[in-house]
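S.K.: Please read through the structure below; I'll follow up with questions.
Number of protein chains: 2
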Amino acid sequence: MTTRELLLAANAAKSAMADASTETKNAALRAMADALITHTGEILAANGEDMDAARGHISEVMLDRLALTGSRIAGMAEGLRQVADLPDPVGRTLRRVERPNGLTIRRTAVPMGVIAIIYESRPNVTSDAAALALKAGSACVLRCGKEAHRSAAAIVAALKAGMEQAGLPSEALQLVEDTTRASANELMTASGLVDLLIPRGGAGLIRSCVENATVNVIETGTGICHVYADKQADIAMALDIVENAKTSRPSVCNAEEVLLVHQDIAAALLPRLRERLTSHEPPVELRLCPRAAAIIDGTPAGPEDFDTEFLDYILSVKIVDNLEEAIAHIAAHSTHHSDAIVTGDEAAAAVFLRSVDSAAVYWNASTRFTDGGEFGLGCEMGISTQKLHARGPMGLEELCSYKYIVVGEGQTR
Amino acid sequence: MTTRELLLAANAAKSAMADASTETKNAALRAMADALITHTGEILAANGEDMDAARGHISEVMLDRLALTGSRIAGMAEGLRQVADLPDPVGRTLRRVERPNGLTIRRTAVPMGVIAIIYESRPNVTSDAAALALKAGSACVLRCGKEAHRSAAAIVAALKAGMEQAGLPSEALQLVEDTTRASANELMTASGLVDLLIPRGGAGLIRSCVENATVNVIETGTGICHVYADKQADIAMALDIVENAKTSRPSVCNAEEVLLVHQDIAAALLPRLRERLTSHEPPVELRLCPRAAAIIDGTPAGPEDFDTEFLDYILSVKIVDNLEEAIAHIAAHSTHHSDAIVTGDEAAAAVFLRSVDSAAVYWNASTRFTDGGEFGLGCEMGISTQKLHARGPMGLEELCSYKYIVVGEGQTR
Chain L
241 MTTRELLLAA NAAKSAMADA STETKNAALR AMADALITHT GEILAANGED MDAARGHISE
301 VMLDRLALTG SRIAGMAEGL RQVADLPDPV GRTLRRVERP NGLTIRRTAV PMGVIAIIYE
361 SRPNVTSDAA ALALKAGSAC VLRCGKEAHR SAAAIVAALK AGMEQAGLPS EALQLVEDTT
421 RASANELMTA SGLVDLLIPR GGAGLIRSCV ENATVNVIET GTGICHVYAD KQADIAMALD
481 IVENAKTSRP SVCNAEEVLL VHQDIAAALL PRLRERLTSH EPPVELRLCP RAAAIIDGTP
541 AGPEDFDTEF LDYILSVKIV DNLEEAIAHI AAHSTHHSDA IVTGDEAAAA VFLRSVDSAA
601 VYWNASTRFT DGGEFGLGCE MGISTQKLHA RGPMGLEELC SYKYIVVGEG QTR
Chain Z
241 MTTRELLLAA NAAKSAMADA STETKNAALR AMADALITHT GEILAANGED MDAARGHISE
301 VMLDRLALTG SRIAGMAEGL RQVADLPDPV GRTLRRVERP NGLTIRRTAV PMGVIAIIYE
361 SRPNVTSDAA ALALKAGSAC VLRCGKEAHR SAAAIVAALK AGMEQAGLPS EALQLVEDTT
421 RASANELMTA SGLVDLLIPR GGAGLIRSCV ENATVNVIET GTGICHVYAD KQADIAMALD
481 IVENAKTSRP SVCNAEEVLL VHQDIAAALL PRLRERLTSH EPPVELRLCP RAAAIIDGTP
541 AGPEDFDTEF LDYILSVKIV DNLEEAIAHI AAHSTHHSDA IVTGDEAAAA VFLRSVDSAA
601 VYWNASTRFT DGGEFGLGCE MGISTQKLHA RGPMGLEELC SYKYIVVGEG QTR
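In order, the protein sequences belong to chains L and Z.
Be aware that the first sequence starts at 241, since it is given in the working numbering, and climbs by one per residue.
Be aware that the second sequence starts at 241, since it is given in the working numbering, and climbs by one per residue.
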């Protein structure tokens, strides 16, 4: 099918998805989980072909993201079952007013319609995204990177079998066949056929969507996250938070990239920081501003080091004069994802939490908590770094729209 | 100032606006109202120049939209005072969770930042938009059509005087000086400098924003609204609703453009409809599908008559076989603004209210109620016809974003 045909098929299935009961949707999600398990052999075979084709062409990190195993597939199935256990976001009454003229006005959560997701080489995004869109009552059009296309096609075949078993139209789940740039552009400009486009991947993909899309897009994921150790920081706490935010999973968007240190505690904090991070396995490379480099050894930081999402065992370090300079630095360099202050000073914390304009702002905790599960949403479709519609982790509620339902007895105006 | 300079100035004033107390914002709104009154002479003089320049170049309807009078200025001032009386949308706790690990996570309403509004020739939009953006804690960049530019500049001068009197930075309110297309394009693509762009005007302006913007846009306003008179409609009620939705203010987006009539009541309803609407002052022109034309006299409808926002005393009429055909027609032709069913059949109403995918769906009431004031929001910045972020009337809450504020005691993950 052409991309346009896929989009039309997904749109034709919209109302069946919107009308599906919670029970039907949950039964479908469980059947889809079972189907992933029973189709494990086909999925692993397809993934093996993807791996063979990709080997030598993409990095080891990317190969690892692409690789599936029996236990990774079991994890995807478990993810589907967890989405089945979440509350249904569709149909909730968000607000209800009775007007003096007798009109009853209910603001009610409704499905978005058709959600398109453009992603890269992680095959597990296929089932995660399909599950969330389905539970949110929407049809779903997936477009994955060409490296993962055979794996995604095998996963989608299994998921569609599960949907049909539960009586949901499998046309509501579509995988774009064309893996050239043309199909991504077509999704970005399919006004009237795509209600929401979510890019999940690197900065280049996201920028391309933001710049080229005429459909509604939610910008996700780029994270240049800061931790600021204030004058009154508990140094042991600051070291724990910095190590965790940097090293617990450096490849994710909520990992710390930049440490800002108040000048008054730099001499006490930086030597212990260096000891802690360079003895970490693997060790963390420190890129230091001139003032930090006067206290500890490390790589001199270039200006680009304060505007780079390393996604690696690298941390840029800058000494600031005070809270205001820290806030100004974050305003100039943050991607508005997650930024933290470590301090015992409640007033300083309040200023930081109010002034830093990011999706999540932290006082005395690691930026690594910016995550749908950690925030109690049960799941997530990505982390929004824009201000419109959804900010931070997007769960099922954020994948819905609303409408006003107005009931009268002949009222005119 | 160049448009870029204006944008930078507005951005520099963002944090002062975000930090302004409710009392300061309300004092500013009242001072701005007073300033409009005291500057009435200058504003009327500027408007007179706009009118002189426009006369002969734009239609009478447009001239009427452009014209100011003392009482229209007093109405604008009253609008500012009403916004002062509304609750402050900033800082509300939208959700609060305590996680098992002890983290407290608060989802909190925050200002959008810089809101840009592109509008056409209504000078009153200047003060309405400025008031709403200010109360929502945002800086505001206005770009009006060239016909209204002198009027808008005089209004903005008065509003800035009021802001300063109350201690708010007047840089937070900017009127773009360049009235060529270049400045509109610059606002649409000012990534990082415009947090939200709202076009208020005709379909061409809105389409241009949706197609060209790289900043977040909310699509507003186009309304091809339907009333469907079902088989079990109370005919007197249907006639009242149709007349009101069509004639009470045909130039607005929530006015009815298309009447759909169930075939079983067409013979009873249509003659009375014709009598009612052709005797209206001014009379309504009926554009009839062939089946309707077999029952009453009128203009034969061309296919484009079911896809046109007339904004005039014109109503297209189509007979449908049943509820399903009505819903399918609306799905194909509605702009997803406001659509109504008139029926005594609760089951039919439920199907219509669920299936019609519009910002507002009505049962036994006029589409004319889709309005911030009528919905109890107290005001509105426009009517969103998109599904992302805000749908239907946008009040102060819809002009805000949110962020997550996370407080811990050293938690790591």
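Glycine included, every Cβ here is placed at the ideal spot set by N, Cα and C.
Using a Cβ-Cβ distance under 8 Å, would L:R332 count as near chain Z?
M.R.: Chain Z contact via Cβ: absent.
S.K.: With a 10 Å radius around its C-beta and 16 neighbouring C-beta atoms as the bar for buried, classify Z:M316 as buried or exposed.
M.R.: Z:M316 comes out buried.
S.K.: Over what stretch of residues does the alpha helix (DSSP H) that includes Z:N287 continue unbroken?
M.R.: T280 to A294 is the extent of the alpha helix (DSSP H) around Z:N287.
S.K.: Just to confirm, is the Cβ distance from Z:D290 to Z:A376 under 8 Å?
M.R.: No, they are not a contact pair.
S.K.: Using a C-beta cutoff of 8 Å, does Z:A605 count as contacting chain L?
M.R.: Closer than 8 Å: yes.
S.K.: List, from N- to C-terminal side, the alpha helix (DSSP H) runs of 4 residues or more that fit wholly inside the region 451-518 of chain Z.
M.R.: Fully enclosed alpha helix (DSSP H) runs of 4 or longer: 475-487 and 503-518.
S.K.: What's the gap between the Cα of L:L303 and the Cα of L:G296?
M.R.: Cα-Cα distance, rounded: 9 Å.
S.K.: Closest to Z:R466 by CA distance: which of Z:A453, Z:Q472 and Z:E483 is it?
M.R.: Checking the sequence shown, residue 466 of chain Z turns out to be His, not Arg. Comparing Cα-Cα distances from Z:H466 to each of Z:A453, Z:Q472 and Z:E483, the minimum goes to Z:E483.
S.K.: Using a Cβ-Cβ cutoff of less than 7 Å, which residues in the same chain neighbour Z:A393 once the five nearest sequence positions on both sides are dropped?
M.R.: So the qualifying residues of the chain are A286 and L415.
S.K.: Please list, in chain order, all residues of the same chain as Z:G648 whose beta carbon is under 6 Å from its beta carbon, the five residues on each side excluded.
M.R.: Same-chain partners within the cutoff: L343.
S.K.: What are the uninterrupted segments assigned as alpha helix (DSSP H) that are 4 or more residues long and contained completely in the region 292-370 of chain L, given in chain order?
M.R.: Runs found: 300-306 and 310-325.
S.K.: Taking the C-alpha atoms as reference points, what is the distance between L:R321 and L:A397?
M.R.: Each residue's alpha carbon lies about 18 Å from the other.
S.K.: Would you kindly check if the distance between the Cβ of L:G402 and the Cβ of L:A268 is under 8 Å?
M.R.: Yes, these two residues count as a Cβ contact at 8 Å.
S.K.: Please report how far the alpha carbon of Z:I395 lies from the alpha carbon of L:Q651, in whole angstroms.
M.R.: Near 37 Å, if we compare the C-alpha coordinates of L:Q651 and Z:I395.
S.K.: Determine, using beta carbons only, whether Z:H629 comes closer than 8 Å to chain L.
M.R.: It does; some Cβ of chain L falls within 8 Å.
S.K.: State yes or no: is the C-beta of L:R514 within less than 8 Å of the C-beta of L:I475?
M.R.: Taking 8 Å as the Cβ cut-off, L:R514 and L:I475 do not qualify as a contacting pair.
S.K.: In angstroms with no decimal places, state the Cα-to-Cα distance between L:E497 and Z:G319.
M.R.: If I take the Cα positions, the gap works out to 47 Å.
S.K.: Can you check which of these residues, Z:R608, Z:G281 and Z:I446, is closest to Z:G310 by C-alpha distance?
M.R.: Of the candidates Z:R608, Z:G281 and Z:I446, the one whose C-alpha sits nearest the C-alpha of Z:G310 is Z:G281.
S.K.: Which chain Z residues are close to L:V647, counting only those with a beta carbon under 9 Å from its beta carbon?
M.R.: By Cβ distance, chain Z contributes A589, L593, Y602, W603, N604 and A605.
S.K.: From the DSSP output, read off the bridge partner residues of L:L413.
M.R.: DSSP output for L:L413 lists L:C380 as bridge partner(s).
S.K.: For L:S488, which residues of its own chain have a beta-carbon under 6 Å away from its beta-carbon, when the five flanking residues on both sides are left out?
M.R.: The answer, listed in chain order, is R608.
S.K.: Figure out for me which residue from L:A485, L:G331 and L:I535 has the closest Cα to the Cα of L:A508.
M.R.: Closest by alpha carbon: L:I535.
S.K.: For Z:T262 and Z:G407, what's the separation of their Cα atoms in angstroms?
M.R.: Roughly 13 Å between the two C-alpha positions.
S.K.: DSSP three-state call for Z:A580: helix, strand or coil?
M.R.: If DSSP states are grouped into helix, strand and coil, Z:A580 belongs with the strands.
S.K.: Going along the region 467-481 of chain Z in order, which residues come within less than 8 Å of chain L, judged by CB to CB distance?
M.R.: Residues D474, M477, D480 and I481.
S.K.: Within 10 Å of its beta-carbon, does L:Q626 have 16 or more other beta-carbons around it, so buried, or fewer, so exposed?
M.R.: Buried: at least 16 other Cβ atoms inside 10 Å.
S.K.: With burial defined as no fewer than 16 other Cβ atoms inside 10 Å of the residue's Cβ, what is the status of Z:T575: buried or exposed?
M.R.: Per the 10 Å Cβ criterion, buried.
S.K.: Given this structure, state the Cα-to-Cα distance separating L:L248 from L:V381, to the nearest angstrom.
M.R.: Cα-Cα distance, rounded: 10 Å.
S.K.: Which chain Z residues sit within Cβ distance under 7 Å of L:M352?
M.R.: In chain order: K627.
S.K.: Measure the alpha-carbon distance for L:T333 versus L:Y642 and round it to whole angstroms.
M.R.: C-alpha separation (whole angstroms): 9 Å.
S.K.: From the DSSP output, in three-state form, read off L:T548 for me.
M.R.: Note: L:T548 maps to coil in three-state DSSP.
S.K.: Which partner residues of L:S641 appear in the DSSP bridge assignment?
M.R.: According to DSSP, L:S641 bridges with L:V350.
S.K.: Rounded to whole angstroms, what is the Cα-Cα separation between Z:I570 and L:A373?
M.R.: Answer to the nearest angstrom: the Cα atoms are 25 Å apart.
S.K.: Could you check where the beta strand (DSSP E) with Z:S556 kicks off and where it finishes?
M.R.: I554 to V560 is the extent of the beta strand (DSSP E) around Z:S556.
S.K.: If Z:Y359 and Z:R440 are in contact, beta carbons under 8 Å, what's the gap, nearest whole angstrom?
M.R.: Indeed they touch by this definition, with Cβ atoms about 4 Å apart.
S.K.: Do we get a CB-CB distance below 8 Å when we pair Z:F609 with the residues of chain L?
M.R.: For Z:F609, the answer is yes, since a Cβ of chain L falls inside 8 Å of its Cβ.
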